[in-house]
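Numbering (UniProt numbering), first residue to last: 1 to 558.
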């Protein structure tokens, strides 16, 4: 199996990255609800700079990922639909809304993070044997795989014997799932959180910390001991590192939002619950660092199981499987065997690492959620977000802004571009941006087509302004390309400004991930740039030929 990620093997102490956007969709476009992609024409007769193999457009929604289908809507009320029993209080407390508080965001995210006192190094096998023994004693059937050090992902599951294509593996029983309904070692903590109707994500994050702090008195002790002490997560990047290394990519803003959401959720829990029950939730245990750890674990390991009505769960053993862009098999609950399984879509020899898919995600999403970037050209679901904005100098700026807001959009929007094309909504936004005052009656229709929330026909065509719309997209594309080029040019000479080998290894690791991401995203933009230039050239040459024909006919009849 080819390496799917570029890891600097010397960097074993790197404090890295990622949180994931929880969805079941193959690409950013589908996750946002875009209707479909306008595909690029075949370029088999052309050779362009930095050309790479055409990648098939993802059309099937992937039914399972290692993250939930809903992104963390922590800035809004996000209550569980499940009604929990009330504690014996005279008045039920106000539900936790998980509102984002930014008062401590800057100071918290800029300081060096401390490791939690549980877990192990991310590439360590010290607790693997104890984990496997505990799982076997707890109901896990005999396995054809074992945990081992691997080239892709530090640790992974490796085949112990020949595994056939189409074979079902794992069979992890529900008794080994960690869910929102799991029993607490500290029952009082669980009752308090349920009384406040805390949503699944913050509840599970708190549960992990509570069980980890219980140490050997928790039934999950062996599992937690085998979890990474510091997950690969963008939650562990400082704001300065995000600004420095991801300045060209739109993933930077999503990472900042993710960090802000997690900090806001912790602050909300601390102010509304933890401070009121200090004996149950002592600050030395339930603090920002332990929540950074628990959310990092959830973002990279939580599974949504379609066959269990979308229940989210941590599934020990199954979460040791690493991702490959070359496979499509995914985790789900199998009702016949009553366990979490996956079906192999290729054969494995003894000693080979066994892979699943975390979903059809872009390289940026994989970095955001799991802390790695697939090797160049390996990810057929890769995409880059292209920012588009209305110009304030537009004579109809206010009218267009009103139309956009009516359909849940703003003056600045990001749309995904793939190797094969872009969503129809992007073209609609471009039409709106260049439409003249004479089209004011159509602003609402065009804005609706630019929104993923609308069911209106998306494939709008306005031949009179199509050239301007394509030029608008090209200008935005070339503006983004210049940002990537600038970063990639200076990345080789970046002053790492560190004083210890540990810091140096970490900075080199982060920079390499950023370079890999920016290179992959820039390649997609180069492809789009070429397509747009060719389309515009063909349109303009066609217009020129038409004018010449018209002039010739006019001269004949003079």
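Yeah, the Cβ is synthetic: ideal placement off N, Cα and C, and Gly gets one too.
Nonlocal neighbours in the same chain, by C-beta distance under 7 Å from residue i, ignoring five residues either side
| i | result |
| --- | --- |
| residue 478 | 529 |
| residue 428 | 446, 449, 450, 458 and 460 |
| residue 208 | 294 and 297 |
| residue 389 | 411 and 412 |
| residue 245 | 510, 511 and 514 |
| residue 114 | 289 |
| residue 465 | 431, 434 and 435 |
| residue 350 | 159, 160, 161 and 162 |
| residue 144 | 159, 160, 161, 163 and 169 |
| residue 221 | 215 |
| residue 141 | 171 |
| residue 27 | The predicted position of residue 27 is uncertain, since its pLDDT is 29 and thus under 50; a value taken from the coordinates is nonetheless stated next. Cβ neighbours of residue 27 beyond the five flanking positions: 58, 360, 362, 381, 383, 416 and 418. |
| residue 327 | 345, 346, 355, 356 and 357 |
| residue 329 | 342, 343, 344, 345, 356 and 357 |
Cβ-Cβ separation, residue j to residue i (assumed contact under 8 Å), whole Å
| i | j | result |
| --- | --- | --- |
| residue 515 | residue 541 | Between residue 541 and residue 515 the Cβ distance is about 38 Å, and since that is not below 8 Å, they are no contact. |
| residue 146 | residue 160 | 6 Å |
| residue 368 | residue 255 | 6 Å |
| residue 344 | residue 165 | 6 Å |
| residue 395 | residue 423 | That belief does not hold up - the Cβ atoms of residue 395 and residue 423 are roughly 27 Å apart, past 8 Å. |
| residue 376 | residue 519 | 6 Å |
| residue 331 | residue 314 | Contact flag wrong, Cβ pair sits at about 12 Å. |
| residue 281 | residue 189 | 7 Å |
| residue 348 | residue 273 | So it is not a contact: roughly 46 Å between Cβ atoms. |
| residue 277 | residue 198 | Wrong, their Cβ atoms sit about 13 Å apart, outside the cutoff. |
| residue 156 | residue 267 | The pair is not a contact, with the Cβ atoms about 36 Å apart (cut-off 8 Å). |
Neighbourhood of residue i by C-beta distance below 8 Å, restricted to the same chain and skipping five residues each side
| i | result |
| --- | --- |
| residue 538 | none |
| residue 185 | 210, 211, 214, 217, 218 and 219 |
| residue 139 | 173, 175 and 176 |
| residue 486 | 248 |
| residue 387 | 250, 412, 413, 414, 476 and 480 |
| residue 224 | 118, 119, 208, 211, 212 and 218 |
| residue 533 | 474 |
Close beta carbons around residue i, own chain, < 6 Å, minus the five adjacent residues each side
| i | result |
| --- | --- |
| residue 300 | 231 and 370 |
| residue 122 | 154 and 228 |
| residue 536 | 470 |
| residue 426 | 415 |
| residue 253 | none |
| residue 560 | Past the boundaries of the shown model lies residue 560; the chain is included only from 1 to 558, so the question cannot be answered. |
| residue 182 | none |
| residue 346 | 165 |
| residue 126 | 120 |
Among the options, nearest to residue i - alpha-carbon criterion
| i | options | result |
| --- | --- | --- |
| residue 400 | 333, 188 and 446 | 446 |
| residue 415 | 276, 201 and 473 | 473 |
| residue 440 | 352, 349, 240 and 397 | 397 |
| residue 531 | 240, 279, 475 and 277 | 475 |
| residue 158 | 302, 273 and 354 | 354 |
| residue 434 | 253, 453 and 463 | 463 |
| residue 308 | 324, 302, 323 and 334 | 334 |
| residue 226 | 233, 182, 374 and 118 | 118 |
| residue 234 | 487, 506, 484 and 193 | 506 |
| residue 365 | 149, 194, 517 and 480 | 517 |
| residue 526 | 484, 327 and 508 | 484 |
| residue 325 | 356, 332, 179 and 314 | 356 |
| residue 408 | 442, 452 and 387 | 452 |
| residue 116 | 200, 286 and 405 | 286 |
| residue 151 | 443, 374, 481 and 508 | 374 |
| residue 124 | 372, 141 and 148 | 148 |
| residue 257 | 242, 406 and 270 | 242 |
| residue 559 | 534, 392 and 444 | Residue 559 lies beyond the residue range present for the chain, which begins at 1 and ends at 558; the question has no answer from this structure. |
| residue 201 | 359, 329, 269 and 533 | 269 |
| residue 363 | 521, 482, 489 and 283 | 521 |
The ligand NAD heavy atom lying under 7 Å from the CB of residue i
| i | result |
| --- | --- |
| residue 281 | The ligand content of the structure shown is nil, which means the ligand NAD is not present either. |
Kindly confirm or deny that the region 154 to 173 and the region 304 to 322 touch, where touching means at least three C-beta pairs closer than 8 Å.
-> Output reads yes: the region 304 to 322 touches the region 154 to 173.
Does the region 124 to 133 come close enough to the region 340 to 347 to have 3 or more Cβ pairs within less than 8 Å?
-> Counting Cβ pairs under 8 Å, fewer than three are found: no touch.
Does the pairing of the region 200 to 216 with the region 286 to 293 give three or more beta-carbon distances under 8 Å?
-> Cβ pair count under 8 Å is three or more, so yes.
So does the region 415 to 425 actually touch the region 377 to 395, counting three or more Cβ pairs closer than 8 Å?
-> Touching, per the Cβ criterion.
Where in the region 268 to 319 do unbroken runs of the beta strand (DSSP E), each at least 3 residues long, occur, reported from the N-terminal end onward?
-> Look at the region 268 to 319 and you find these whole runs of beta strand (DSSP E), each 3 residues long or longer: 303 to 305 and 311 to 313.
Quick one: which unbroken alpha helix (DSSP H) runs of 4-plus residues sit fully inside the region 319 to 393? Chain order, please.
-> Runs of the alpha helix (DSSP H) inside the region 319 to 393: 363 to 370.
At 3 residues or longer, and completely inside the region 177 to 230: list those beta strand (DSSP E) runs for me, N to C.
-> Those beta strand (DSSP E) runs which fall completely within the region 177 to 230 and span 3+ residues do not exist here.
Within the region 116 to 188, note down every full beta strand (DSSP E) run reaching 3 residues or more, in order along the chain.
-> 145 to 150, 154 to 159 and 168 to 172, all fully within the region 116 to 188.
Within the region 421 to 448, note down every full beta strand (DSSP E) run reaching 3 residues or more, in order along the chain.
-> If we require 3 residues or more, the beta strand (DSSP E) runs fully inside the region 421 to 448 come out as 421 to 423.
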